[in-house]
Amino acid sequence: MKKHPLSSIDAEYDVILVGGGIVGSGLFRDLCLQGVKVLLIDKKDFSSQTSSASSKMLHGGLRYLENFDFGLVKEALEEKNLWLKIAPHLSRSESFYLPVYKDSLRPLWMVKLGLFLYDFLSHFENQAHRVLGFEKTLKEIPWLKRDKLIGAGVYHDGVVNDHRLGLDLIFDGLDKSGSSEAVNYVSLEDFIFKNNDVECLLKDEIHGLQKFVKAKHLVFATGPFTDKLLLQMKAISWQPCLLPSKGVHLRLKPDKLPLKSALVMTPNDQRVIFVIPHHDHILVGTTETEADENFFDPKVTQKDIDYLLQNINEYFPNINMDQSDVLSSFAGIRPLVKDPNSTSRGKTSREHHVYRPHEKVTAIVGGKYTTFRSMVQETARRLSQNLGLTYNAGLSKIPLSPSSFYELIESQNFTPELIEYLLTKEKCRTLEDLLQRRLYLYTEAHWHSENLQQFKVKYQKLLNDFLE
Ligand SMILES: Cc1cc2nc3c(=O)[nH]c(=O)nc-3n(C[C@H](O)[C@H](O)[C@H](O)COP(=O)(O)OP(=O)(O)OC[C@H]3O[C@@H](n4cnc5c(N)ncnc54)[C@H](O)[C@@H]3O)c2cc1C
């Protein structure tokens, strides 16, 4: 039955954690495993913002080698290879082909050197790279543009189900903790310091209900929303630190381009665009432009779509992808931290930062999806120790097991038991939470409206009972 999440939470926690993207979800699980009593809140559904709008890669970031960010690349490669091992049901290793043309910015010898360094920095845990000549490249990707082609480098990165990993971290944390809680569609309205505690005013975004909850420490894992949110909080003074940048992806019909492996396009504007096959579509992205005013659910413009289609058609001149091949599109805002050495969004470092605007307040921003676990360790360690607990760094490496309904979702075999499980156990509050993030039905282009009507009729009672 419908519940008002705020009415079922306690009045006091060790930590209130604001933001349930990948950073907040990872921190929530780690703190739960350490025995900390945490309340996680998110203004929207968990994993519904940046952490479901990524390119879905677990990667070291080959291009950051050019910025000499060796430490970051090495750390990200270690994290990529860790998640491939501890969450194999949500991630896979994928071959990425990087074609080289006579007029490419990087010649084949440089690509070869970069790929060696990339594998070296992974301690050779990456599946080994290959370098292909003209004939072999076309044999393996026959649709590719031949004109001026020299060859290709092939390396291996990970592909992850980004929003599902975030959700699984939260549900695993809840499973392992008797006292923590996670509530979605609940925002932080304001906070004050009172008697050695932080008193937070929380608001249910759906019902408007408000509640005061106390904690010993307040943590912000609010990604690109951090500056805007913290500037509204009168209890602290906050210096804006972000250089937000919008990135757009398209999901394309796979019919014209039945790729078996991923491809890296390097257009002359110095961007990098990935083309990644998924089970029923090809993901193409991303762009990098200034973010619009509204960071929640940012918009995809026709210019963004045209740019990505134009690049696909340049690399695959005979397939003629057009608007009718676009199944859906989405945009996200990168939470880049301003870099004194660069004003270019593409060149800005992907390092993370932990800020302490007050001894009881922490904000963790920046980084990449791939490095979220190592990002949160620093904060989890400090919070555990402040609470008198010994921090165990190994706990966040405990493997994640698939839920018992995982196979049904993967095979899109929806049963009444599955729907009931998701509605009762997985904190869906709106139909969109259920369709997009629990059942992976991303848009009506995937989910024909006739089927959606049948679905709504079939499960009418359950949907009415549990959704707002
Ligand atoms: C286009 C694009 C492609 C990317 N591709 C990759 C990639 O392939 N690999 C990779 O490693 N990284 C990638 N990244 C980077 C990665 O996605 C981000 O670094 C990461 O998802 C950020 O996670 P987060 O938890 O910090 O932010 P978010 O996921 O945005 O989470 C912040 C949460 O805070 C909540 N919130 C905001 N305000 C409030 C409030 N007042 N009260 C309560 N909650 C609030 C929001 O609802 C949101 O859920 C990409 C980013 C973009 C934009």
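In this text, residue positions in the sequence shown follow our numbering: the first is 9, and each later residue adds one. Backbone N, C-alpha and C define an ideal beta-carbon position, used for all residues, glycine too.
Heavy atom of ligand 1 within 7 Å of residue i beta-carbon
i           : result
residue 438 : no
residue 138 : no
residue 57  : yes
residue 233 : yes
residue 214 : no
residue 118 : no
residue 72  : no
residue 49  : yes
residue 67  : yes
residue 398 : no
residue 313 : no
residue 336 : no
residue 266 : no
residue 62  : yes
residue 343 : yes
residue 377 : yes
residue 196 : yes
residue 255 : yes
residue 293 : yes
residue 280 : no
residue 41  : no
residue 230 : yes
residue 30  : yes
residue 552 : The structure shown has nothing for residue 552, since the chain only spans 9 to 476.
residue 340 : yes
residue 52  : yes
residue 81  : no
residue 26  : yes
Own chain partners of residue i with C-beta closer than 8 Å, once the 5 adjacent residues on each side are dropped
i           : result
residue 329 : 260, 264, 265, 317, 320 and 321
residue 397 : 42, 43 and 44
residue 345 : 249, 250, 251, 356, 357, 359, 360, 361, 373 and 374
residue 447 : 417, 420, 422 and 430
residue 156 : 109, 110 and 111
Cβ-based neighbour list, residue i, same chain, cut-off 7 Å, excluding 5 preceding and 5 following
i           : result
residue 27  : 50, 228, 229, 230 and 231
residue 334 : 258, 260 and 313
residue 241 : 198 and 199
residue 172 : 98
Local Cβ density within 10 Å of residue i, reported as buried at 16 or more and exposed below that
i           : result
residue 150 : exposed
residue 154 : exposed
residue 117 : exposed
residue 200 : exposed
residue 162 : buried
residue 302 : exposed
residue 131 : exposed
residue 160 : buried
residue 202 : exposed
residue 331 : exposed
residue 204 : exposed
residue 465 : exposed
residue 30  : buried
residue 79  : exposed
residue 24  : buried
residue 474 : buried
residue 485 : Residue numbering for the chain in the displayed model covers 9 to 476; residue 485 lies beyond these limits and cannot be assessed.
residue 68  : buried
Any non-hydrogen atom of ligand 3 within 7 Å of residue i CB
i           : result
residue 243 : Looking at this structure, you won't find ligand 3 anywhere; what it does contain is ligand 1.
Close beta carbons around residue i, own chain, < 6 Å, minus the five adjacent residues each side
i           : result
residue 339 : 254, 256, 306 and 308
residue 288 : none
residue 82  : 129
residue 181 : 36, 37 and 40
residue 281 : 273 and 319
residue 195 : 51, 211 and 213
residue 235 : 248 and 250
residue 33  : 174, 177 and 178
Contact with chain B by residue i, beta-carbon distance below 8 Å
i           : result
residue 195 : Annotation note: the requested chain B is absent from the structure, which comprises a single protein chain.
Original post:
Would you say the region 70 to 85 touches the region 36 to 51, given that touching needs at least three Cβ pairs under 8 Å?
Top reply: Touching, no.
Original post:
With contact counted as at least three CB pairs below 8 Å, one residue from each stretch, are the region 247 to 263 and the region 218 to 225 in contact?
Top reply: Contact between the region 247 to 263 and the region 218 to 225 is not established, with fewer than three Cβ pairs separated by less than 8 Å.
Original post:
Taking only runs of the beta strand (DSSP E) that begin and end inside the region 418 to 443, which ones reach a length of at least 3 residues, in chain order?
Top reply: You should have found no qualifying run.
Original post:
Would the region 359 to 372 and the region 268 to 283 be scored as touching if the rule is three or more Cβ pairs under 8 Å?
Top reply: Inter-segment contact for the region 359 to 372 and the region 268 to 283 is absent: fewer than three beta-carbon pairs are separated by less than 8 Å.
Original post:
Should the region 365 to 378 be called in touch with the region 240 to 255, which here means at least 3 C-beta pairs below 8 Å?
Top reply: Three or more beta-carbon pairs drawn from the region 365 to 378 and the region 240 to 255 are found closer than 8 Å, and the two stretches are therefore classed as touching.
Subject >> Sequence ranges, alpha helix (DSSP H) only - wholly within the region 314 to 395, length at least 4 >> reply: 380 to 394, all fully within the region 314 to 395.
Original post:
Curious, which full-length alpha helix (DSSP H) runs of at least 4 residues does the region 9 to 74 contain?
Top reply: Whole alpha helix (DSSP H) segments, 4+ residues: 30 to 42.
Original post:
Is it a yes or a no for the region 159 to 167 touching the region 89 to 103, going by three-plus beta-carbon pairs under 8 Å?
Top reply: Contact between the region 159 to 167 and the region 89 to 103 is present: three or more C-beta pairs spanning the two stretches fall below 8 Å.
**OP:** Taking only runs that begin and end inside the region 206 to 250, name each unbroken alpha helix (DSSP H) of 4 or more residues, in chain order.
**Re:** With a minimum length of 4 residues, the continuous alpha helix (DSSP H) runs that stay inside the region 206 to 250 are 234 to 240.
Original post:
Is the region 187 to 205 in contact with the region 10 to 27, if contact means three or more CB pairs nearer than 8 Å?
Top reply: These segments touch.
Original post:
Do the region 380 to 399 and the region 108 to 117 meet, that is, are 3 or more Cβ pairs less than 8 Å apart?
Top reply: The region 380 to 399, when compared against the region 108 to 117, does not touch it at the 8 Å Cβ threshold.
**OP:** Examine the Cβ distances between the region 85 to 96 and the region 137 to 150 and report whether three or more of them are shorter than 8 Å.
**Re:** Fewer than three pairs of CB atoms, one per stretch, sit closer than 8 Å, so the region 85 to 96 makes no contact with the region 137 to 150.
**OP:** Note down, one range per segment and in chain order, each beta strand (DSSP E) of at least 3 residues found wholly within the region 88 to 160.
**Re:** Listed in chain order, the complete beta strand (DSSP E) runs (minimum 3 residues) inside the region 88 to 160 are 99 to 109 and 138 to 141.
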